[in-house]
Structure formats: C-alpha cells, structure tokens
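Data first, discussion second: the structure below is written as structure tokens.
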Amino acid sequence: MVSEIDVRERTADECREQIREDLRDIPTGETVTIVANHDVEAALYQYQIKRGETLDWQYENAGPEVWEIRVSKSERAGGGTALTEFDVREMPPRKRHSVLLETFELLDPEEGFVLVNDHDPKPLYHELHSTRGDIFEWQYTNRDSQEWKVEIRKTDEGEAEDDDEVQAKFDVREIPKQERHPTIHHRYGNLEDGNAMEITAPHEPRPLHREFRQRYGQSFSWEVRDKEPGRCRVRITKGGQSSTDDEVPSQSTDESMDVTEELDVRDLPPAQRHQQIFEAYEQLQSGEAFVLVNDHDPKPLYHQFEAETGSEFRWEYRQREPDEFRVLIGKADGIENDSSASETTKAPF
1 MVSEIDVRER
11 TADECREQIR
21 EDLRDIPTGE
31 TVTIVANHDV
41 EAALYQYQIK
51 RGETLDWQYE
61 NAGPEVWEIR
71 VSKSERAGGG
81 TALTEFDVRE
91 MPPRKRHSVL
101 LETFELLDPE
111 EGFVLVNDHD
121 PKPLYHELHS
131 TRGDIFEWQY
141 TNRDSQEWKV
151 EIRKTDEGEA
161 EDDDEVQAKF
171 DVREIPKQER
181 HPTIHHRYGN
191 LEDGNAMEIT
201 APHEPRPLHR
211 EFRQRYGQSF
221 SWEVRDKEPG
231 RCRVRITKGG
241 QSSTDDEVPS
251 QSTDESMDVT
261 EELDVRDLPP
271 AQRHQQIFEA
281 YEQLQSGEAF
291 VLVNDHDPKP
301 LYHQFEAETG
311 SEFRWEYRQR
321 EPDEFRVLIG
331 KADGIENDSS
341 ASETTKAPF
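For the record, in the sequence shown the residue sitting at position 228 is 228 according to UniProt numbering, with numbers rising by one throughout.
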C-alpha cells in the first residue's frame, strides 16, 4: 500500500491525477502523506466531490517550499447521498474563482458540491453563467454574514470556452444593472498581476473605465477588442499601461496624485502587512500614491500614519466591501499648507 504520495515533480494536472489515483487505492481508515511544492487542499476537495468519499486531513508542514499533508479515509455519513461541502473561507481570495471554476469543470452532469464562503458568491454565479450558460443549478441554503452556502449542480456537459490569455469572462448584458460594476471590480481584484478578464457589454463601458481609473490609476490596461452595434468586447489586464489613456482623464479627487502601484496584502501573514505598507509609503515621492488592497478595514493604520508622518500624508477610501477594502495612500506635493492637508485627508470615522 502507498504510504507517501510525492507530487513535487509533477505539473498541476499531473499532480491532481496522481493524487486521485493513489487515494482511490487506499482502504478506509488508512493514512497517507502527500508531499508537494504547493498547497493541494483543492485537489482533496475535488477528490471527495468526484468519488463520493470522505477524507480527513491535517497539515504537517505548510510551506512555503514543501507542503506535507496527512490524509486518511473515513466512513461517509448519510449514506453517501449528500453533496460534499467545499469550504473556501481559508483560501486566499485570488485563488477562489480559479479553483472553483476548475472544480466545476471536473463535474459530470448531476454532480455538484456545496460552496461555503464568507460572503455572497454571486460574482461566481455571473462568471459561470457568462462562460457556461444554463448548465448548472444554483441554490442558496444559508445566508449568514460569515457563512454563505450554495448548492451548485451541473445539469449538462456544455462546452467550456478555451482561452489561455483570459482568466475570467462576463457578459454584463445578462447581469442585473445594479450588480454589474461590483461584480467586475470584485473579480478584477482577485486577478494576479499580468492576468486578464474580458467583458461583453451592449456598448463601450466608459463609466466603468472611469471607475477603473479612479480606483486603480495606471495599474491596468484597457483594450477594446471588438465593437459592433449592440455589442462591445473589452479586455482588461491587471498591471500595465492603459492603451486609451488620452481618452478618459483621471477622475481622482486629488489631481496631483500619481498612483504608482496597487499593493494587495490580502495573501500576506498579518505580521508582514504593516511592514510592506510602510515600506511602500517610504518609497513614495511627493505627489505619488499607491492603492492599498486589504481584506478588512485598515483603519488602525490611518492613526499610525497620522501620528508618524507629516501633513503631506493622504488617505482616501476607494472601496469598502466585506473582503476587499481599497485605500489611496499618498504624499501630497508640498507641506506648507497644513489646513488644506487636514481637509483633504479623509479620516476613517
């Protein structure tokens, strides 16, 4: 019997396949150690969903270079008819959509899982509907503030759109108007630098472009890929220079601020976040700013900045959502006008 599954030399697809094959041969009650160079917890959830079996696991070593997880099979309660829960609350936000979409693709018709999340996962619904159509059922079973549960079942095989250059697609014509912009900003916030998303709209979404300039400065590119009556397709890439900078002027409330970067600290341990933020501030020149992205309100930082910096310090909320706060943090040009500085900086009260 296998006692260790070493997938460190495997590609991501090979890793998942080997884990599925080796776990299938382990008897109930037995334990095996998985050794990998990345976290493979998603593969364990996917195994449970596909095989209808229950796994218990415990981390022996959680990276960053080597991951070791002890996994055992246990008897499944409820006769094996209940859907498996897939709890993503401890998963870094940037990984959630890609892992969940990957898990959905593994399903056969009539298979499914219960998604457990710490906020309403409606953006995932819109992404699935835009890229897969009406081949799934989506039913809320719990709507608590910290525990949302949704039963997701695949009803038909369908055909997945294959585009390695784009990580997410939305047809906003199918999304209620009040949900369009929040959905797009939410998904964009979870993209890695260099990744792209595409949106299809009934016309060129200039108001959305202005919002992107307000929130993200020059840290994205915006490219109209296709335009015809009743349909406009736009590709948005995280990181880079906008290809239409001259078309839409910056709408920042502080025209002197040049946004140099977006600093997303959500995946960092708490102890490292403050250090990264203050280092980023120290590197700013007068008139520059960065956009801080955090998974909770960074209000304590405001008071620390106010106590330790001068009147050039600027703080402006750009977004306040349950798992995504965006704050413009910058240094104003000049420090001679204290009264103006105090009025411009918006205290988080």
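By construction, the Cβ of each residue, glycine as well, lies at the ideal position given by its N, Cα and C atoms.
Q: Check each candidate in 146, 145, 143, 124 and name the one with the smallest Cα separation from residue 137.
A: Position 137 of the sequence shown holds residue 137. Among 146, 145, 143, 124, the Cα nearest to that of residue 137 belongs to 124.
Q) Should the region 101–110 be called in touch with the region 56–76, which here means at least 3 C-beta pairs below 8 Å? A) no
Q. Are at least three pairs of beta-carbons, each pair with one atom in the region 320–333 and one in the region 270–287, less than 8 Å apart?
A. yes
Q.
Do residue 7 and residue 18 count as a contact pair if the criterion is CB distance below 8 Å?
A. Mapped onto the sequence shown, residue 18 falls at position 18. Mapped onto the sequence shown, residue 7 falls at position 7. For residue 18 and residue 7, yes; Cβs fall inside 8 Å.
Q: Rank 28, 312, 190, 139 by C-alpha distance to the C-alpha of residue 93 and give the top, closest one.
A: By 1-based counting over the sequence shown, the position of residue 93 is 93. Closest option to residue 93, Cα to Cα, is 190.
**Q.** Contacts around residue 165, its chain only, beta-carbon distance under 7 Å, and the 5 residues preceding and following it disregarded
**A.** Start at 1 with the first residue of the sequence shown, and residue 165 comes out as number 165. Correct list, in chain order: 196.
**Q.** Under 8 Å between C-beta atoms of residue 183 and residue 126
**A.** By one-based count along the sequence shown, residue 183 stands at place 183. By one-based count along the sequence shown, residue 126 stands at place 126. Cβ atoms of residue 183 and residue 126: closer than 8 Å.
(Q) Counting C-beta neighbours from all protein chains within 10 Å, is the total for residue 31 16 or more, i.e. buried, or is it exposed? (A) Counting from one through the sequence shown, the residue named residue 31 turns up at place 31. Classification for residue 31: exposed.
Q) Using DSSP with H/G/I as helix, E/B as strand and the rest coil, what is residue 13? A) Taking the sequence shown and counting its residues from 1, one reaches residue 13 at position 13. If DSSP states are grouped into helix, strand and coil, residue 13 belongs with the helices.
Q | residue 172 - DSSP class collapsed to helix/strand/coil | A | Start at 1 with the first residue of the sequence shown, and residue 172 comes out as number 172. DSSP places residue 172 in helix when its eight states are reduced to three.
**Q.** Whole beta strand (DSSP E) elements within the UniProt domain "DUF2249" (4–73), 3-residue minimum
**A.** 4–6, 31–36, 54–62
Q. Along the chain, where does the alpha helix (DSSP H) that runs through residue 237 open and close?
A. Against the sequence shown, residue 237 aligns to sequence position 237. No alpha helix (DSSP H) contains residue 237, which is instead part of the beta strand (DSSP E) from 231–238.
(Q) If contact is defined by three or more beta carbon pairs under 8 Å, each pair taking one atom from either stretch, is the region 255–272 in contact with the region 209–220? (A) yes
(Q) With a threshold of 8 Å, are at least 3 pairs of Cβ atoms found where one atom belongs to the region 303–310 and the other to the region 224–235? (A) At 8 Å Cβ cutoff, the stretches do not touch.
Q. Assuming residue 69 and residue 40 make a contact with CB atoms under 8 Å, what is their CB distance in whole Å?
A. Mapped onto the sequence shown, residue 69 falls at position 69. Mapped onto the sequence shown, residue 40 falls at position 40. 7 Å between Cβ atoms; contact.
**Q.** Status (buried if at least 16 other CB within 10 Å, exposed otherwise) for residue 171
**A.** Sequence index remark: in the sequence shown, residue 171 carries index 171 (1-based). Answer is buried; the Cβ neighbour count reaches 16.
Q | Sequence ranges, alpha helix (DSSP H) only - wholly within the UniProt domain "DUF2249" (85–154), length at least 4 | A | 93–106, 122–132
(Q) Between the alpha carbons of residue 322 and residue 296, how many angstroms are there, rounded? (A) Residue 322 sits at position 322 when you count from the first residue of the sequence shown. Residue 296 sits at position 296 when you count from the first residue of the sequence shown. Rounded to the nearest angstrom, the two C-alpha atoms are 7 Å apart.
Q.
As a quick exercise: from 72, 15, 326, 203, pick the residue whose alpha carbon is nearest that of residue 188.
A. Your numbering for residue 188 matches position 188 in the sequence shown. Selected option, being the one with the closest Cα: 326.
**Q.** For residue 86, the nearest candidate out of 257, 155, 147 (CA to CA)
**A.** Here residue 86 is taken as the residue at index 86 of the sequence shown, counted from 1. Checking every option, the nearest Cα to that of residue 86 belongs to 147.
Q: Identify every residue that forms a DSSP beta bridge with residue 319.
A: Along the sequence shown, one-based indexing puts residue 319 at 319. For residue 319, the beta-bridge partners assigned by DSSP are 326.
Q) Thinking C-beta only, is residue 95 closer than 8 Å to residue 116? A) In the sequence shown, the residue the question calls residue 116 occupies position 116. In the sequence shown, the residue the question calls residue 95 occupies position 95. In this structure, residue 95 does not lie closer than 8 Å to residue 116 by Cβ.
Q: Can you check DSSP and say which residues form a bridge with residue 191?
A: Locating residue 191 in the sequence shown gives position 191, counting from the first residue. Per DSSP, residue 191 has no beta bridge partner at all.
Q) Which residue from 303, 209, 154 puts its Cα closest to that of residue 181? A) In the sequence shown, counting from the first residue as 1, residue 181 sits at position 181. Selected option, being the one with the closest Cα: 209.
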